[in-house]
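**Q**
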Amino acid sequence: MNRASGGISPLILILVALLGFGGLLALNARPVEPVQLIVPTQPAPTQTVNPWQAVLEAGFGQQGTLVPTIPPVSSFAAPTFVYEGGVSAPIAAADVASVPTLAIASGATPTRPLPTAQLLATNIPLTAQVVNLPTQVWQPPPLVPPISRDPLGRDHYYFGRPVDSNATNFGIFNYNYGSDGPQDAWRVHAGIDMPNPIGQTVRAAGSGIIVWAADGLRVEGAVFQNTSSYGNVVVIRHDFGYEGHPLFTLYAHLSAVLVLPGQRIERGEPIGLVGNSGRVTGPHVHFEVRMCPTNVCEDIPGYGETYNPLLWMVPYVGHGVIAGRLVDGFGDMVDDADITVRNWARGTVEGTTTTYIFQNTGVDVNSDPNWQENFVLPDVPAGRYEVIANINGVRLSQFVDVNEGMTSFVELAPQPGVTFPQDAPAPTPEPTAETVEGGEG
Numbered sequence: 010m011n012r013a014s015g016g017i018s019p020l021i022l023i024l025v026a027l028l029g030f031g032g033l034l035a036l037n038a039r040p041v042e043p044v045q046l047i048v049p050t051q052p053a054p055t056q057t058v059n060p061w062q063a064v065l066e067a068g069f070g071q072q073g074t075l076v077p078t079i080p081p082v083s084s085f086a087a088p089t090f091v092y093e094g095g096v097s098a099p100i101a102a103a104d105v106a107s108v109p110t111l112a113i114a115s116g117a118t119p120t121r122p123l124p125t126a127q128l129l130a131t132n133i134p135l136t137a138q139v140v141n142l143p144t145q146v147w148q149p150p151p152l153v154p155p156i157s158r159d160p161l162g163r164d165h166y167y168f169g170r171p172v173d174s175n176a177t178n179f180g181i182f183n184y185n186y187g188s189d190g191p192q193d194a195w196r197v198h199a200g201i202d203m204p205n206p207i208g209q210t211v212r213a214a215g216s217g218i219i220v221w222a223a224d225g226l227r228v229e230g231a232v233f234q235n236t237s238s239y240g241n242v243v244v245i246r247h248d249f250g251y252e253g254h255p256l257f258t259l260y261a262h263l264s265a266v267l268v269l270p271g272q273r274i275e276r277g278e279p280i281g282l283v284g285n286s287g288r289v290t291g292p293h294v295h296f297e298v299r300m301c302p303t304n305v306c307e308d309i310p311g312y313g314e315t316y317n318p319l320l321w322m323v324p325y326v327g328h329g330v331i332a333g334r335l336v337d338g339f340g341d342m343v344d345d346a347d348i349t350v351r352n353w354a355r356g357t358v359e360g361t362t363t364t365y366i367f368q369n370t371g372v373d374v375n376s377d378p379n380w381q382e383n384f385v386l387p388d389v390p391a392g393r394y395e396v397i398a399n400i401n402g403v404r405l406s407q408f409v410d411v412n413e414g415m416t417s418f419v420e421l422a423p424q425p426g427v428t429f430p431q432d433a434p435a436p437t438p439e440p441t442a443e444t445v446e447g448g449e450g
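Numbering (our numbering), first residue to last: 10 to 450.
1) With 16 other CB atoms within 10 Å as the buried threshold, where does E382 fall?
2) Considering just the uninterrupted stretch of the beta strand (DSSP E) at E413, what are its terminal residues?
3) On the DSSP letters alone, give me the boundaries of the beta strand (DSSP E) that R288 sits inside.
4) Tell me whether L34 sits in a helix, a strand or coil according to DSSP, three-state version.
5) Taking 6 Å as the limit between beta carbons, can you name the residues of its chain near R355, skipping five residues before and five after?
6) Quick one: using the 10 Å Cβ neighbour count with 16 as the cut-off for buried, is A332 buried or exposed?
7) Give me the Cα-Cα distance between V232 and S406, rounded to the nearest whole angstrom.
8) Going by DSSP, which residues form a beta bridge with L335?
9) Give the secondary structure of G277 by DSSP, where H, G and I count as helix, E and B as strand, and everything else as coil.
10) Can you list, in chain order, the residues of its chain whose CB lies under 7 Å from that of P440, leaving out five sequence neighbours each side?
11) Quick one: grab the DSSP three-state call for R269.
12) Using the three-state DSSP reduction, which class does Y167 fall into: helix, strand or coil?
13) For a test of the three-state rule: what should DSSP assign to A26, helix, strand or coil?
14) Cβ of Y316 within 9 Å of Cβ of R299?
15) Looking at the secondary structure, which residues open and close the beta strand (DSSP E) in which E359 lies?
16) If we call anything under 9 Å between Cβ atoms a contact, is E395 one with F408?
17) Measure the alpha-carbon distance for L161 versus P324 and round it to whole angstroms.
18) Just the Cα atoms here: how many angstroms apart are G215 and N412?
19) From the DSSP output, in three-state form, read off F182 for me.
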């Protein structure tokens, strides 16, 4: 049986599909007309015409009217000043001759310049007299107590400074703790001195109770520990101690006492004013740190219980302290020897001091319980230094690094068994009031 002749051929279907596909391609290839934005109609702004603007824009040009140049009527003449005070007359020659001449005495001689001072020869070692740093007119603020940054816990900077930073709140170098002053003329010093004008505020170095506050010269029974050399004195027994031993601070030579015995005081509060009471060579505050030898202390510790305040009073910001021990070849401490500290980077002298003098009496100064030192140099900027001792031609030195707020320790010692050459015996000085009564406090 044959298929119907009216069916659609597959070839025709393929052609129709191709034509349709081609038509679609043609429609897509037609360029698209750009989109036109329809802006709403806006009214034209009203413009105000400035007549002067039109003239300036058009310019004068060839059509403008030229402004005629006015010729000068007469030449310029400078004004003449008219003197109305009358007619002046020249000075006659006779008047000039009548001026009196200065009479000079026949015996007068010109003032001659003063002769240049000649330096005197001295046998003082160089290390004791050369400090080539500029005069200190400003000092940085001190650190805030209490601090103990030593890894082994040996530091005990418990106290603030008794004088403000805008005044002299450091001890003078030529009468440090344990020394007998310039030319060995005074008693061995049991503290440090801070020279200031009379009336400068003295503040408590730490909190505690006032146990002594009296005029040591004019009030009966108010002489501190049977000596008048201290003048007006304030003593504080502090709330804290060291390894169970009570601590005391003493402030002497005051011009005025601002506290009363039994009064509670905090660190930094005013307790007195700098003065020159007692036996002094100038106004200053004498500052001591005393420690009771036992855990129970009924009275104020005596002269034999003082310790170097420079190891208890906080250093300046960015500064530390050098403590050291100078011994001979047998391990014995060397007294009253000059110590020089030299800045290793600059090669300049940072400072000088002397070793303690131990008189083997009941009122001797004391080495620190931890450091066992016999010299201290305070407020040394952080850095590297060489510590030098020169004893009758024998030179000893050690390098040490100084860190902020810490004590750096150094020991100077010769070879075992070595002794230092001895000086010729000095003549015994005549006794003076200072040496008999105790010198400066």
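For each residue, glycine too, the CB sits at the ideal point set by N, CA and C. The structure presented is a predicted model; accordingly, all values stated were derived computationally and were not measured.
**A** In short, the structure shows the following:
1) buried
2) Per DSSP, E413 belongs to no beta strand (DSSP E) and is neither H nor E.
3) Taken as a continuous stretch (DSSP letters only), R288 belongs to no beta strand (DSSP E), as it is neither H nor E.
4) helix
5) none
6) buried
7) 45 Å
8) L421
9) coil
10) Since pLDDT at P440 reaches only 46, below the 50 mark, its modelled position is unreliable, and no value is offered.
11) Sequence check: residue 269 is Leu here, not Arg. L269: coil per DSSP, three-state reduction.
12) coil
13) helix
14) yes
15) 358 to 363
16) yes
17) 19 Å
18) 24 Å
19) helix
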